[in-house]
Amino acid sequence: MWGMDVIGLINPKASNGHMFILVAIDYFTKWIEAITLASVTAKAVARFLRRDVIARYGKIIEKMTVNYKDWHEMLPYALLAYRTSIRTSTGATPYSLVYGMEAVLPIEVEIPSMRILAEAELEEAEWAKQRYEQLNFINEKRLKALCHGQRYQQRMA
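Position one of the sequence shown corresponds to residue 7 (the numbering used here), numbered consecutively onward.
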């Protein structure tokens, strides 16, 4: 599955007069294609898609659009994947930073993971106690993610 976004208006302009970056990303491999643009027009976007995405990855796009006309129904699953994947910049999943615990993935319901099996053995009071402790540590986890993000930015600078 591919996504696309425009970054800009970027000031100052590039020496060639371009002020925008058009980016397409393959969400599975994280492969990106990008170009700079002076202005974002339908013609420029279509040319980019034809030349830089479809010409290189056309069979993938064709298969996706032929077989998945209801692709819009897959958005919740794409969001789940994004929210439950560890971000390099924070060292944590967005889900855990919001809810204070990792999400139970659909596959873990069908094929229980060690974490799920361990929780299934807990008495209700012990389970509630663990959830309460996780909520108490959420601010600490967020602070760690913030520090991780700052170290990440320093490494990138």
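Backbone N, C-alpha and C define an ideal beta-carbon position, used for all residues, glycine too.
Would you check if the distance between the CB atom of residue i and the CB atom of residue j is smaller than 9 Å?
| i | j | result |
| --- | --- | --- |
| Leu103 | Thr94 | no |
| Met7 | Leu55 | no |
| Ile27 | Thr47 | no |
| Val59 | Glu39 | yes |
| Tyr84 | Tyr33 | The sequence shown places Ala at residue 84, rather than the Tyr named in the question. The answer is yes: Cβ separation under 9 Å. |
| Thr90 | Glu108 | yes |
| Gln140 | Leu128 | no |
| Met144 | Tyr105 | Residue identity check: residue 144 is Ile in the sequence provided, not Met. Yes, the pair counts as a contact, with Cβ atoms nearer than the cut-off. |
| His24 | Ala44 | yes |
| Lys19 | Ala98 | no |
Can you pull the DSSP bridge partners for residue i?
| i | result |
| --- | --- |
| Arg6 | Beyond the ends of the chain as shown, which are 7 and 163, falls residue 6; an answer cannot be given. |
| Phe143 | According to DSSP, which records beta bridges pairwise, Phe143 is partnered with nothing at all. |
| Asp32 | Trp8 |
| Ile27 | Ile13 and Thr42 |
Could you spell out where the beta strand (DSSP E) holding residue i opens and where it closes?
| i | result |
| --- | --- |
| Val51 | Counting along the chain, Val51 falls outside any beta strand (DSSP E), though it belongs to the alpha helix (DSSP H) covering Ala48 to Phe54. |
| Met4 | For residue 4 there is no data in the structure shown, the boundaries of the chain being 7 and 163. |
| Leu43 | Ile38 to Leu43 |
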